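Only one structure is covered here, and it is reproduced in the block below.
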Amino acid sequence: METIHNISHFKDIPHHTVVTIGTFDGVHLGHRKILERIINNAKNTGLKSTVLTFFPHPRMVLQKDVDIKLLNTLDEKKQILETLGLDYLIIHPFTKQFSRLSAIDFVRDILVNNIKSKRIIIGYDHRFGRNRNANIQDLISFGNTFDFEVEEIPAQEIDDVSVSSTKIRKALLEGDVETANSYLSYAYMLTGTVKKGKGLGRDFGFPTANLHIAEEYKLIPKNGAYVVRSDIDGKEYFGMMNIGFNPTVDGSQKSIEVNFFDFDGDLYDKKIQVSLLHRIRDEHKFNSVEELKEQLKKDKSHSLDLISK
Numbered sequence: 001m002e003t004i005h006n007i008s009h010f011k012d013i014p015h016h017t018v019v020t021i022g023t024f025d026g027v028h029l030g031h032r033k034i035l036e037r038i039i040n041n042a043k044n045t046g047l048k049s050t051v052l053t054f055f056p057h058p059r060m061v062l063q064k065d066v067d068i069k070l071l072n073t074l075d076e077k078k079q080i081l082e083t084l085g086l087d088y089l090i091i092h093p094f095t096k097q098f099s100r101l102s103a104i105d106f107v108r109d110i111l112v113n114n115i116k117s118k119r120i121i122i123g124y125d126h127r128f129g130r131n132r133n134a135n136i137q138d139l140i141s142f143g144n145t146f147d148f149e150v151e152e153i154p155a156q157e158i159d160d161v162s163v164s165s166t167k168i169r170k171a172l173l174e175g176d177v178e179t180a181n182s183y184l185s186y187a188y189m190l191t192g193t194v195k196k197g198k199g200l201g202r203d204f205g206f207p208t209a210n211l212h213i214a215e216e217y218k219l220i221p222k223n224g225a226y227v228v229r230s231d232i233d234g235k236e237y238f239g240m241m242n243i244g245f246n247p248t249v250d251g252s253q254k255s256i257e258v259n260f261f262d263f264d265g266d267l268y269d270k271k272i273q274v275s276l277l278h279r280i281r282d283e284h285k286f287n288s289v290e291e292l293k294e295q296l297k298k299d300k301s302h303s304l305d306l307i308s309k
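Going by the UniProt record's numbering, the residue at position 1 of the sequence shown is 1; the numbering climbs one at a time, nothing skipped.
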């Protein structure tokens, strides 16, 4: 998969395309039905499968929605899409100026002249153009004018997969990581850089990697303890992670701390990705540090049981 960071950079690529358009946050099961369709269509027609997506998220730009939380960082989305077999991913900067493009300008200048679309596969409820005032019937009409086909994914087919990014966000915020993972078809991931913490975990016999996530828009699941998996230098490690404020030791700032089992090495300033497998419990304030240590031992035993299954 080749990633292109501006539509205009696609102009010199000598291929006609089959295209779908969307934010694809989470790249969940519902999204995959659309993506598989364009990939298969490309193989059957000799076109190149292409996803057109935007960053920042349109709501961040048009509604100044600073509270919006996304399931994927941009790098995570690219990583997931890379595994599906797409030919091209176009990530176009979303700006207020871009949002003011009329429907015909968007179709003619972007889809036809730049991306060379010969087929567009899109959901039945897709809207586009300034104020999102054009629909799939308008797109079909433009297709007759500009010589491209439109394939509509009907409501029933999309609704058959009762998955949405909103449902996944809700599950994660409730701590239901198993449901979220079943909708995503992969384990929800957090990607960040390991920074120095207070070192309290090491004092307790449970050294932790303090994960700092730079992207403030990334959704962090409900506070609590989780079973996790990570790939570090090509080797798989399991562990347990706590999201929260460490109330037993009077923590005042939210942190994400991972204790990897059977890992002995230095992770400081290293970028790692952690996949959440199960949620063990809520975060509690224990009566003493000794009580916390005993709970951590129970958590580790419980985690190892879950991992072995």
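Ideal placement from N, C-alpha and C gives every residue a C-beta, glycine not left out.
Keep in mind it's a predicted model, so treat the numbers as computed, not measured.
- The continuous beta strand (DSSP E) containing P93 extends over residues Y88 to P93.
- No Cβ-Cβ contact shorter than 7 angstroms links V27 with S49.
- Across the structure, K270 and D105 are spaced so that their CA atoms are roughly 44 angstroms apart.
- Annotated as proximal: H16 and K116, with beta-carbon spacing under 7 angstroms.
- Using a Cβ distance threshold of 7 angstroms, Y217 and L276 do not count as a contacting pair.
- In this structure G143 is in contact with E149, their Cβ atoms being roughly 6 angstroms apart against a cut-off of 8 angstroms.
- Put simply, the stretch 164-181 does not touch the stretch 190-197. Fewer than three CB pairs are less than 8 angstroms apart.
- Among the bridge pairs identified by DSSP, G197 is matched with none.
- Counting only residues of its own chain and dropping the five nearest sequence neighbours on each side, I168 has a CB closer than 7 angstroms to the CB of G26, H28, L71, A180, Y183 and L184.
- Following the DSSP letters along the chain, one finds V18 in no alpha helix (DSSP H) but inside the beta strand (DSSP E) bounded by residues T17 to I21.
- For the 7 angstroms CB-CB criterion, A209 and V249 do not form a contact.
- Under the three-state reduction of DSSP, G30 is assigned to helix.
- CA-to-CA, the gap between V228 and A155 works out to about 36 angstroms.
- Between the alpha carbons of G123 and R279 lies a distance of about 34 angstroms.
- Across the structure, E82 and L52 are spaced so that their CA atoms are roughly 14 angstroms apart.
- Around the C-beta of P221, 16 or more other C-beta atoms lie within 10 Å, and the residue is accordingly described as buried.
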